[in-house]
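First to last, the protein sequences are chains A and B. If you use UniProt numbering, the first sequence closes out at 519, no skipped numbers anywhere. If you use UniProt numbering, the second sequence closes out at 139, no skipped numbers anywhere. All C-beta atoms, glycine included, are put in the ideal place defined by N, C-alpha and C. These numbers were taken from a predicted model, which means no experiment stands behind them.
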Amino acid sequence: MAIEPGHAVDLSGAMVLAPTTPADWLVVGPVAIPIVTGAILLMARHETRLHASLAVVGLLATLLCNIGLLARVLDQGPLVMTMGRWLPPFGISFAADALGASLALVATLVAVVCAFFATADIGAVGRRYGFYPFMMLMMAGVGGSFLTGDIFNLYVWFEVFLISSFGLLVLGSQHRQLDGATKYAILNLVGTTLFLTATALLYGTFGTLNMADIARKADGVRESAPLTTLAVLYLLAFGMKAAAFPVNFWLPASYHTPRIVTAALFGGVLTKVGIYALLRTLVMLFPPELELLSGLIAWIAAATMVIGIMGALAQTDLRRVLGFVVISGVGVMLAGLALGTSEGLAGTVFYAFHSMIVMTALYLLAGVMNGLGGSYSLSKLSGLYATNPLVAAFALLLILAAAGLPPASGLWPKVMLVRASLDSGQPWLAFAILATGLLTTLALGRVFILAIWRPRVAAGPKVPASPLLGYVALTALSLPVVVMGLYPDPIIAVAERAADAILNAPAYIGTVFPEGAAQ
Amino acid sequence: MDTLIFRTIAPYLASLMVLFSVFVLLRGHNEPGGGFIGGLIAASAFAIYGIACGVAPVRRALYFHPMAISGFGLLLSALSGAVSLFMDMPFLTGQWTEISVLGLPIDLSTVLFFDIGVYFVVVGSITSIALALEEREHA
């Protein structure tokens, strides 16, 4: 309601009265910009020629906003904005700390490269069916998930990116795409329902959905409330999203069916949102319950990484191999969660950065190889070293990165995780991580030998697709891979800040509730 | 549904429903109603028109593609939330102003435009789905 000028109303009990500076808007930019761009793309649905450039511009603006946000968060601590000026926990807060801001930045970086690569991969028909609007809305959902400070709002953003991802998945309407999408949709909806059930139980227990509010009230209700049940439900729900063993089967069933750029975006970004949600809920909201569950999570982590990579060894379709490599990476990230120490969590965060970039790059590489060799099948792909040595170079670098070998980025997070496991007296977890590295080398080395080194066994397409755009995209993703591998200190520093941000809940609570108001 | 009565009455019924949906949308600011339910009423009007007279006349009457209408609504909602940027207030904070049209005071607010945006999103997406289903039925 409009406030009549004559009436003096004290708003300080209901609203945030401190002025918001334009710099505070950095926290909503990563969500608002993709939504606005997506809306414009929907309105310009017939001008498909403009779609790619509009999407790239929108994502670049989002990227700039993300860079500004991360710089500010690293400089001044978490940035909070509560929508509509209502005081939290009544208003819905966006709260960016080092974890959310850094993951949002890497995800947007990956999306920019994918949008650029899609100019070659997605034809006029795909654009007509809305590839770019779906992609923008999906990135809005991903950004919202990383930045929101409200658990029900997190659910809403999960839905936003899931529904957009359904659209991306069925683009093309081929039989096997619909088949993959059905499995993906049903299993993800089961996960989402669990998430919603857990959130309803949580609201019944706490009477609040604001994550900072939950974190500060958890100690008070721990005696009587079913917090362990909540933690297990969240573990199961987000474990499904993240594709942790034994609820990972939707991923290899669906990720090989869509366009390769869609698979790249999914493989890079979506599972990490699940990991992020696990970190946010278990580490920040329910630390004692996490400690109780850490043994179970450690077993899940080891099983996910080892069984995932053994699946990769058994596949003959390049995209299915990569799907299983994604799963095994999820296991490595869960290892840090199981340890729950500062170093372990920092290793998980660093591995998430690395995995987003490397998995996207590997999928794009598969797309380039398919363009050159005419197939994704390892029995048909061959002789690429002779025709395109540059592809071999990219492949070698990315395989080293995925396996965790120097000079690429996979080495350092694995070093951190192995050291953290040994420090916590769990040498078997360190052994599982190292064994997974070896098996990844084997699985991807097999790809390298068959598709690249082997002399040509089958004729490729008569006119191979020009890989120029692919080279540009792969270069853009390989640069951070090499830089993170050779000069990891700043990334490790950011990852440690991110781990501290969730381990140190009081600091986060303090930024959402500045003077302890609104009990 | 090819009955004479239905085909004759459908255009009038549809236009009444669209009018009513606008009433519900504007009423929703202080009383039950609003963009979502208003949008649903308008979408059902277009669906009825489509069932009676076929999908092509509906598409012609709408002029814009339903998805484009949806996109416009999303844009309107997002931008009405961004007005508060210039008032040093957080995203989605309502801003009010009063204008005078021919001596009549009219309250305008960003909240109203947000709701109009919701109306268009719902009209666009539900109409899009309804028309696609009706098209399949006729084909």
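Exercise for the section: Examine chain B for any beta-carbon lying closer than 7 Å to the beta-carbon of residue 35(A), and answer yes or no. Expected result: It does: the Cβ of residue 35(A) has a partner Cβ on chain B nearer than 7 Å.
Handout entry: Beta-carbon proximity list for residue 126(B), same chain, < 6 Å, skipping 5 on both sides
Key = The residues are 43.
Handout entry: Residues sharing a beta bridge with residue 105(B), DSSP
Key = 100(B)
Exercise for the section: May I ask you to list the residues that DSSP assigns as paired with residue 95(A)? Expected result: For residue 95(A), which the question treats as bridged, DSSP gives the partners 80(A).
Handout entry: residue 115(B) at chain A interface by Cβ criterion, 7 Å
Key = Not one beta carbon of chain A lies nearer than 7 Å to the beta carbon of residue 115(B).
Handout entry: Spatial distance of residue 93(B) from residue 200(A) (CA atoms)
Key = 27 Å
Exercise for the section: Give every residue of the same chain whose Cβ lies closer than 7 Å to the Cβ of residue 160(A), excluding the five residues on either side of it in the sequence, and list them in chain order. Expected result: 137, 140, 141, 144
Handout entry: residue 268(A) vs residue 135(A) beta-carbon contact at 7 Å
Key = Taking 7 Å as the cut-off, the Cβ atoms of residue 268(A) and residue 135(A) do not count as close.
Handout entry: Coil, strand or helix - residue 193(A) by DSSP
Key = helix
Exercise for the section: Leaving out five residues on either side along the sequence, give the residues of the same chain with a beta carbon under 6 Å from the beta carbon of residue 518(A). Expected result: Residue placement at residue 518(A) is poorly supported in this model, since its pLDDT is 44, which falls under 50; the coordinates still yield a value, given next. Hits under 6 Å: 87.
Practice task
Might you give, ordered along the chain, the residues of its own chain that have their beta carbon closer than 6 Å to the beta carbon of residue 505(A), omitting 5 neighbours on each side?
Solution key: By the criterion of a C-beta distance shorter than 6 Å, residue 505(A) is surrounded in its chain by 215, 284, once the five residues flanking it on both sides are discounted.
Handout entry: Partners in chain B for residue 100(A), counting only beta-carbon separations shorter than 8 Å
Key = Simply none; closest approach about 16 Å.
Problem - 7 Å Cβ cutoff, residue 42(A) in contact with chain B - result: With 7 Å as the cut-off, residue 42(A) counts as an interface residue toward chain B.
Problem - Close beta carbons around residue 34(B), own chain, < 7 Å, minus the five adjacent residues each side - result: 25, 28, 115
Exercise for the section: Starting from the C-beta of residue 541(A), find all residues in its chain whose C-beta is less than 8 Å away, skip the five residues before and the five after it, and write them out in chain order. Expected result: No answer is possible for residue 541(A): the residues shown for chain A start at 1 and end at 519.
Problem - 7 Å CB neighbourhood of residue 53(B) in its chain, flanking five on each side removed - result: 7, 10
Handout entry: 7 Å Cβ cutoff, residue 96(A) in contact with chain B
Key = no
Handout entry: Classification of residue 5(B) by the beta-carbon crowding that lies within 10 angstroms, buried from 16 upward
Key = Label assigned to residue 5(B): exposed.
Practice task
Indicate whether residue 34(A) and residue 62(A) have their beta-carbon atoms separated by less than 7 Å.
Solution key: Contact annotation: residue 34(A) and residue 62(A) have beta-carbon atoms nearer than 7 Å.
Exercise for the section: Give the single residue among 298(A), 152(A), 384(A) whose Cα lies nearest to the Cα of residue 366(A). Expected result: 384(A)
Problem - Cβ shell of residue 218(A) (< 7 Å), same chain only, five flanking positions each side left out - result: 227, 285, 286
Practice task
May I have a chain-ordered list of the alpha helix (DSSP H) segments no shorter than 4 residues that lie completely inside the stretch 406–450 of chain A?
Solution key: 411–423, 427–447
Exercise for the section: On a CA-only basis, which of 11(A), 254(A), 247(A), 476(A) is nearest residue 398(A)? Give me that one, please. Expected result: Checked all of 11(A), 254(A), 247(A), 476(A); the closest Cα to residue 398(A) is 476(A).
Practice task
Output the distance between the C-alpha atoms of residue 387(A) and residue 451(A), rounded to the nearest integer angstrom.
Solution key: 12 Å
Practice task
For the stretch 74–95 of chain A, enumerate the residues whose C-beta is nearer than 7 Å to any C-beta of chain B, in chain order.
Solution key: 81, 82, 83, 84, 85
Practice task
Using alpha carbons as the reference points, say which of 429(A), 322(A), 242(A) lies closest to residue 298(A).
Solution key: 429(A)
Exercise for the section: Determine the closest residue to residue 183(A) out of 254(A), 15(A), 371(A), with distance taken between C-alpha atoms. Expected result: 254(A)
Practice task
Kindly list, in the order they appear in chain C, the residues whose Cβ is closer than 7 Å to that of residue 93(B).
Solution key: The structure shown contains no chain C; its protein chains are A and B.
Handout entry: chain A within 7 Å of residue 78(B), Cβ atoms only
Key = yes
Exercise for the section: Would you be able to state if there are at least three C-beta pairs under 8 Å between the stretch 159–176 of chain A and the stretch 220–239 of chain A? Expected result: no
Exercise for the section: Grab the span of the alpha helix (DSSP H) containing residue 506(A) for me, first residue to last. Expected result: Here the alpha helix (DSSP H) through residue 506(A) covers 505–512.
Practice task
Using a threshold of 7 Å, state whether the C-beta atoms of residue 260(A) and residue 363(A) are closer than that.
Solution key: yes
Handout entry: Proximal residues of chain B, C-beta to C-beta of residue 32(A) below 8 Å
Key = 78, 81, 82, 91
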